[in-house]
Amino acid sequence: MKRYILIVDDEMLYRELLTVCLDVYNFEVREVESGKEALNFIKTFLPDLIVSDIMMPDMDGFELCKIIKSNPKTKHIKVILFTAMLTAEYEEKAYEAGADSFLNKPFPGSELVYRINELLISR
Amino acid sequence: MRIGEILKILDELKAIFQNEKFPQFVSSIDILIEVMGQIVIEQLSYHVGMSYFFNIYELLEKGLDSFFKDKNSFDFFYNKIERLSLVLGIGTDVAKVIEEAPKEDEIIQEIPENIMEDISLLADFITEAGDNLDSAEAKILHLEKKPNNQEYLDAVFRIMHTLKGSSGFFNLSAMSKLAHNTEDILSQIRIKKLKISPEILEVVLKSIDTLRKLLSQLKDIMYNNPTKPIKIGIIYDLQERCIKGEIVSKETHKIGEILVATGQITQEQLEEALEQQQISKKNIDEEKTTKEQLLDVIKIPTHKLNQLIEFLDELVVSVSMKRFSQLDKITGKVHDWILSIKMFPINNVFSKLYRHIRDISSKCDKQINFIVEGGETLVDKTIIDGIYAPLMHLIRNAIDHGIENVEARKILNKNISGTIKVSASRLGDIVILQVSDDGKGLHREAIIAKAIEKEMLKETKKSFDQLSDQEVFEFIFKPGFSTAKGVTDISGRGVGMDVVKRDVEALRGKVIIESKKDKGTNFTIKLPLSTVEGLVVRIGASRFVIPILDINQIITPKKENLLDVCDEKESCFILAGEVIPIIPLYKFYQINPDVSDPTKAIIIVINFREKKFGLMVDEFLRRQQIVIRDLDIYFNKLPGISGMTILGDGRVGWIIDPSSLINLN
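Quick look at the structure:
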């Protein structure tokens, strides 16, 4: 069974990278550029998991995560937030916002895949 | 691990794969090297770059694993790697150019035998050639702005001609050939066979860089330091193509990539780029040492030396004639003269900045007009060495976050190209450096909000309007204040601003920010020269020196002007309607004072930001020119003290740094 993953990042280079590396592991990947687009996207299609950057213009990852987790229709979607900021405070805030996992950029693809597998199996 | 070491390992890996004849692996390694290179030249941000690096490396690893199980299964991974490399815009023709480069493209020079006996000749040559290359580089950068300036062209031509001759004299064939080729390119331009274009100037600049690398390699060999081969074949190639008129813009845009891909980056260049990447103290220190090595020999204009000798002659005469009254005057002159010798024009720093800014702005989609003023200002060598990093940081911030992109500027009715101005001037004992931009400016409210969020400001009911702009902007210098969030939303500033402040303070300087929303930001850095005018004061048996520039006035308050604040008796006084807190230095440094009553003591009123503070001392002795000496590390924790000096009577005078003193209080 294919697992669907939605990547949310305003940085094209990063989206592309995550897409390629998840593709290798046979995930079905979709990508969007912003939190708003992500919310639009999940209205019509529910992914198994969302991987989102925290720092994005307009709507940041925390906010996106809160909205997803507060909607009964979407709250089962696992969310992994990542950021380049190295402060512990971000990790705390990520979990407060309801994220299921948190990663610091840069991370190897295998780490991301490991987290994804862990989350999707526990479901 | 350093990027240099990583590159070395990659090179080794590549060699192994080459020997085993696995071309796919070789090209994957090339891509990894290229990614590293792009991080170094900042085409890729560190995070994105490293993420790519990790993932490509992982793919390669996986590919190798499956390759050993089944010979053909590497293709799958290679396709992925190639896709990523395409996203990064790494062209495949890079490899082709490398192949075309001559075989002996790497050299380690040798010190010619005929010079072995008189090594100092070679040392002089290295220093002189280095200086000449610096000035050639500056002129090339000018040429870029004013391509019609024949004078600059001629000057560079002459420099190359001299270099060709002198390196030929020392039998340094590689250097001679490079200089010769550069000379050829320039002469083609002179006879109008070639037209000046950024691409051609780029080749000339690369040639200058390579010549510099060759010089530093020579130096390493001279001092028996370990050295690395320098790739020069590719530069010859570029030069020759340039002379033949084959350099067209499309190809030359990739010079940077080619250089990186071939591992052309030397340790110095790497360090320079690294320093930009993450301005860390360590790197700055390293840079300092390389600079100091380069300046082992200082060129002094003959007239200055002659004057110095004359002074010394006078000195000898007056001693022998026992005219001691004149001694003081003459030693004073000698002192001033020697100080003037160790001063350098700040252009040394500016021209370097210029070069980097040119590189950065060509990489971002903003149009930037970079203006430099007052480059001829003379400053201490310590300032030259220490100011580059903070200035660079401020400028990069201005480019990255201050200047809006073209669309935003159009909407705001601003000139589409942003202006960044760096200027230097002298005001008495201090050097004033300014970095200003006409970008979006700092956002006062957002900084306050951020400061509250970070708990640097206590949220109270009273409005924050009372805070002065300077007090608000000061927050961006606090360590940990800036976050990427801050970069995009708040101010567009603040990345590592604490480092800027720290570096400037290490030079005993101050940073002042002025900013208007949508109008721009102006950073003023004030740096004292190593000699300053100071006021010598006494508390008990101790002597302190307060820099004159910080002093507002000196006063003994009247009884009726004293105020009790917060249960502390007579802890403030009123001066022209302003309440000024008194800082009794004797309490702070636990000295037995002669006077502890403010109405009998001397209060030195100092300016700090937009407020005044009063330092209470026993008496003031005199005004004096002082030479600041750094505190030994045993003393470096002394609060409020920035250095020391030996006073006229042989006593030690502690130099007070008002800003840190007030922060402590």
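Sequence lines, in order, name chains A and B. Count along the first sequence from 1, then add 955; that gives the number in this note's numbering. Count along the second sequence from 1, then add 49; that gives the number in this note's numbering. Even for Gly, the Cβ is constructed at its ideal location relative to N, Cα and C. What you are looking at is a predicted structure, and each value in this text was computed from that prediction instead of being measured.
- Considering only beta carbons, the part of the region 1015–1032 of chain A lying closer than 8 Å to chain B consists of 1015, in chain order.
- A Cβ of chain A is located within less than 9 Å of the beta carbon of residue 102 of chain B.
- Residue contact with chain B for residue 969 of chain A: present (Cβ-Cβ distance below 9 Å to some residue of chain B).
- Close to residue 493 of chain B, with beta-carbon spacing below 8 Å, lies no residue of chain A; the smallest spacing is near 21 Å.
- The C-beta of residue 1002 of chain A has 16 or more other C-beta atoms within 10 Å across all chains shown, which makes the residue buried.
- Contact between residue 600 of chain B and residue 642 of chain B fails: their C-beta atoms lie close to 20 Å from each other, not under 8 Å.
- Contact note: residue 1065 of chain A reaches chain B through 107, using a C-beta cutoff of 7 Å and chain order.
- In the structure shown, residue 377 of chain B adopts helical secondary structure according to DSSP, grouped into three states.
- The beta carbon of residue 360 of chain B is closer than 8 Å to those of 379, 382, 383, 386 in its chain, skipping five residues each way along the sequence.
- Taking residue 448 of chain B as reference, the option from B:627, B:490, B:134 with the minimal CA-CA separation is B:490.
- Among the residues facing chain B, residue 972 of chain A is included, as its CB has a counterpart in that chain under 9 Å away.
- By the Cβ-count criterion, residue 261 of chain B is buried, with 16 or more other Cβ atoms from all chains shown falling within 10 Å of its own Cβ.
- Contact annotation: the region 455–469 of chain B does not touch the region 421–432 of chain B, with fewer than three C-beta pairs closer than 8 Å.
- For residue 548 of chain B, there are no C-beta contacts with chain A under 7 Å, since the nearest C-beta of that chain is about 15 Å from it.
- Taking the Cα of residue 519 of chain B as reference, the smallest distance to any Cα among B:571, B:567, B:182 is reached at B:571.
- In this structure, the beta-carbon distance from residue 230 of chain B to residue 177 of chain B does not fall below 9 Å.
- With respect to residue 1027 of chain A, residue 98 of chain B sits apart: the two C-beta atoms are not nearer than 9 Å.
- Contact annotation: residue 650 of chain B and residue 694 of chain B have beta-carbon atoms that are not nearer than 9 Å.
- In the three-state DSSP reduction, residue 646 of chain B falls in the coil class, being neither helix nor strand.
- With the rule of 3 Cβ pairs closer than 8 Å, the region 500–507 of chain B does not count as touching the region 471–491 of chain B.
- By the beta-carbon neighbour count (other beta carbons within 10 angstroms, threshold 16), residue 1069 of chain A is exposed.
- With fewer than 16 other Cβ atoms inside 10 Å of its own Cβ, residue 1041 of chain A counts as exposed.
- With a threshold of 16 other beta carbon atoms within 10 Å, residue 697 of chain B falls short and is exposed.
- Taking the beta carbon of residue 136 of chain B as reference, the chain A residues within 9 Å of it are 967, 968, 971, 972, 975, listed in sequence order.
- Contact between residue 224 of chain B and residue 263 of chain B is confirmed by a C-beta separation of about 5 Å, below the 8 Å threshold.
- The same chain holds no residue with a CB closer than 8 Å to that of residue 103 of chain B once the five nearest residues on each side in sequence are set aside.
- Using a Cβ-Cβ cut-off of 7 Å, residue 99 of chain B is close to 1061 of chain A, given in chain order.
- Rounded to whole angstroms, the separation of the alpha carbons of residue 73 of chain B and residue 129 of chain B is 12 Å.
- Across the set B:266, B:101, B:396, B:435, the C-alpha of B:266 shows the shortest separation from the C-alpha of residue 221 of chain B.
- For residue 530 of chain B, the closest of B:557, B:499, B:701, B:516 by C-alpha to C-alpha distance is B:499.
- Where residue 256 of chain B is concerned, the enclosing alpha helix (DSSP H) starts and stops at 247–271.
- Using beta-carbon distances, residue 1006 of chain A does not count as an interface residue toward chain B, since no partner is under 9 Å.
- Around residue 237 of chain B, the same chain offers 243, 292 as residues with beta carbons nearer than 7 Å, after the five sequence neighbours per side are excluded.
- Around the beta carbon of residue 559 of chain B, a 10 Å sphere encloses 16 or more other beta carbons of the protein chains shown; the residue is thus reported as buried.
- Residues of the region 111–131 of chain B whose Cβ lies closer than 7 Å to any Cβ of chain A, in chain order: 129.
- Taking 9 Å as the cut-off, the Cβ atoms of residue 662 of chain B and residue 596 of chain B do not count as close.
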